[in-house]
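Okay, structure first, notes after.
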Amino acid sequence: MNELRKAVAFNVMMIETGRLIGPALAGLIVDWVGTGLAFILNGLSFVAVIISLLMVRGQQTMRASVGSPLGNFVEAVRYIKKNPRLIDLLLCSVLVILFIFSSLQLSAPIADDILKGGAQLVGYMLAASGAGALLGSVFLAPRLQKVPQAGLALLLALLWSSIWLVIMSFFRTAPLTLLGIFMYSINIPVVLGSVSALTQLLAPGNMRARVLSVSQMISFGAQPLGALLVGWSANAFGPLVAIRINGVLMVILVLAFLALRPAYRAWRVERVESVAV
Numbered sequence: 000m001n002e003l004r005k006a007v008a009f010n011v012m013m014i015e016t017g018r019l020i021g022p023a024l025a026g027l028i029v030d031w032v033g034t035g036l037a038f039i040l041n042g043l044s045f046v047a048v049i050i051s052l053l054m055v056r057g058q059q060t061m062r063a064s065v066g067s068p069l070g071n072f073v074e075a076v077r078y079i080k081k082n083p084r085l086i087d088l089l090l091c092s093v094l095v096i097l098f099i100f101s102s103l104q105l106s107a108p109i110a111d112d113i114l115k116g117g118a119q120l121v122g123y124m125l126a127a128s129g130a131g132a133l134l135g136s137v138f139l140a141p142r143l144q145k146v147p148q149a150g151l152a153l154l155l156a157l158l159w160s161s162i163w164l165v166i167m168s169f170f171r172t173a174p175l176t177l178l179g180i181f182m183y184s185i186n187i188p189v190v191l192g193s194v195s196a197l198t199q200l201l202a203p204g205n206m207r208a209r210v211l212s213v214s215q216m217i218s219f220g221a222q223p224l225g226a227l228l229v230g231w232s233a234n235a236f237g238p239l240v241a242i243r244i245n246g247v248l249m250v251i252l253v254l255a256f257l258a259l260r261p262a263y264r265a266w267r268v269e270r271v272e273s274v275a276v
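For what it's worth, numbering that gives the first Met the number 0 labels the leading residue of the sequence shown as 0, then goes sequentially.
See below:
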């Protein structure tokens, strides 16, 4: 269990390091030479990734596939439906994608219309999110993974982010906005990394890959829905009010989660075999 959690934490840390450096660098490049060259340089950066992937030599034993892809997908969905803790974990990740990620997509209109900045400020805003997430993955995620009551810890992490979404929506200066983004992004890797690790722990070996695939598909499938909804509210009320709405809705849903799912709130990782609702 510890090895799996360490691997997930390291993977998340590498992703968040990229989220810290990439947007700030992109903002500077766009500000200096325009968007065209920024896209070209971004495309060229994938060459190194492709070369490194071609150099990787797998060591696992290939197993013959059993059943059709659709049948395997349906079987994974049925397994998730029978395991309430997997459903709870899935809902936690959906809350992050639906409300926090969609709020980050309003960085450009906030920088342009509210803060009167440009591409460089947008880069700093996205980098602030990456910095907060990197801090969370390095310092908070390992500590949360040692907390026995994983469900309660994840819900409190979500509550922290939702409250900071509301607070950040009242800021109208660049430094405070960067602080707000930093603070509500801290628990992004804490929640998503822990959900990924716990999902793999709960699923049996013959179902693990399928359950994880379905879980991630549903979680990240919520991203375009969140973008659509926050786009509508931003167009109607403005970007800051849209983020405030996201934060308030997230607070309500997390509090409802705490009240209505006592088994998840009391769930201890040592008893992963328990599936009581």
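Every residue, glycine too, gets a C-beta built ideally from N, C-alpha and C.
On a predicted model such as this, the values are computed, not experimentally measured, just so you know.
Could you give the first and the last residue of the continuous alpha helix (DSSP H) run that contains D87? Taking the first residue of the sequence shown as 1, we reach residue 87 at position 88. Per DSSP, D87 belongs to the alpha helix (DSSP H) from 83-94.
How many Å lie between D30 and A258 at the Cα? Taking the first residue of the sequence shown as position 1, residue 30 is located at position 31. Taking the first residue of the sequence shown as position 1, residue 258 is located at position 259. Cα-Cα distance, rounded: 48 Å.
Look up A265 in the DSSP assignment and say whether it is helix, strand or coil. Taking the sequence shown and counting its residues from 1, one reaches residue 265 at position 266. In the structure shown, A265 sits in a helix (DSSP, three-state: H, G or I).
In whole angstroms, give me the CA-to-CA distance for Q222 and N245. By 1-based counting over the sequence shown, the position of residue 222 is 223. By 1-based counting over the sequence shown, the position of residue 245 is 246. Taking the straight line joining both Cα atoms gives about 13 Å.
So for V271, helix, strand or coil by DSSP? Taking the sequence shown and counting its residues from 1, the one referred to as residue 271 is at position 272. Per-residue confidence for V271 stands at a pLDDT of 44, beneath the threshold of 50, marking its modelled position as unreliable; the derived number appears in the next sentence. Three-state result, V271: coil.
Is there contact between the segment 112-119 and the segment 21-29, where contact requires at least three CB pairs shorter than 8 Å? yes
Are the CB atoms of M167 and I86 nearer to each other than 8 Å? Working through the sequence shown from its first residue, we reach residue 167 at position 168. Working through the sequence shown from its first residue, we reach residue 86 at position 87. No. Outside cutoff.
Quick check: the segment 33-51 against the segment 224-243, are there 3 or more CB pairs under 8 Å? no
Helix, strand or coil for N10? Go by DSSP, reduced to three states. Translated into the one-based positions of the sequence shown, residue 10 becomes position 11. Note: N10 maps to helix in three-state DSSP.
Span of the alpha helix (DSSP H), counted from its first residue to its last, around M249: What you label residue 249 is simply residue 250 of the sequence shown in a count that begins at 1. Looking at the DSSP string, the run of the alpha helix (DSSP H) that includes M249 is 238-259.
With DSSP run on the structure shown, which of helix, strand or coil describes T16? Residue 16 sits at position 17 when you count from the first residue of the sequence shown. Correct three-state label for T16: helix.
Please return the same chain residues whose Cβ sits closer than 6 Å to the Cβ of A75, not counting the five positions on each side in sequence. Within the sequence shown, residue 75 is the residue found at index 76, counting from 1. R209, V210, V213, listed in sequence order.
Answer with buried or exposed for A140, where buried requires no fewer than 16 other C-beta atoms within 10 angstroms of its C-beta. As a working note, residue 140 is residue 141 in the sequence shown. That one is buried.
Could you tell me which of V268, S102, S218 sits nearest to K145, measuring between CA atoms? To locate residue 145, count along the sequence shown from 1; it is residue 146. Comparing Cα positions, the closest option is V268.
To the nearest angstrom, report how far apart G129 and R142 are at their CA atoms. For the purposes of this step, residue 129 is taken as the residue at position 130 of the sequence shown. For the purposes of this step, residue 142 is taken as the residue at position 143 of the sequence shown. Distance between the alpha carbons of G129 and R142: 19 Å.
Once you ignore the five residues that flank L134 on each side, which residues in its own chain have a CB closer than 7 Å to its CB? The residue given as residue 134 occupies position 135 in the sequence shown. Within the same chain, L134 has close Cβ partners I185.
Look up I187 in the DSSP assignment and say whether it is helix, strand or coil. Your numbering for residue 187 matches position 188 in the sequence shown. The answer is helix: DSSP assigns I187 an H, G or I state.
Run the CB neighbour count on G35, radius 10 Å, all protein chains shown included, and call it buried at 16 or more, exposed below. Taking the sequence shown and counting its residues from 1, one reaches residue 35 at position 36. G35 should be labelled exposed.
Pick from S195, A265, F219 that is closest to F100, judged by C-alpha positions: Reading the sequence shown from its first residue, position 101 is the one you call residue 100. Nearest C-alpha to F100: F219.
Distance, Cα to Cα, G237 vs S102? Counting from one through the sequence shown, the residue named residue 237 turns up at place 238. Counting from one through the sequence shown, the residue named residue 102 turns up at place 103. So the two alpha carbons sit approximately 12 Å from each other.
Can you give me the Cβ contacts of L201 inside the same chain, cut-off strictly under 7 Å, excluding the 5 residues immediately before and after it? One-based indexing of the sequence shown puts residue 201 at position 202. Once the five neighbours on either side are set aside, the close Cβ partners of L201 are N82, R84, L85, V271.
Can you give the Cα-Cα distance for P68 and Q215, rounded to whole angstroms? In the sequence shown, residue 68 corresponds to position 69, counting from 1. In the sequence shown, residue 215 corresponds to position 216, counting from 1. The straight-line gap from Cα to Cα measures roughly 16 Å.
Which residues in the same chain have their Cβ closer than 6 Å to the Cβ of G42, if we skip the five residues on either side of it in sequence? In the sequence shown, counting from the first residue as 1, residue 42 sits at position 43. Correct list: empty, nothing qualifies.
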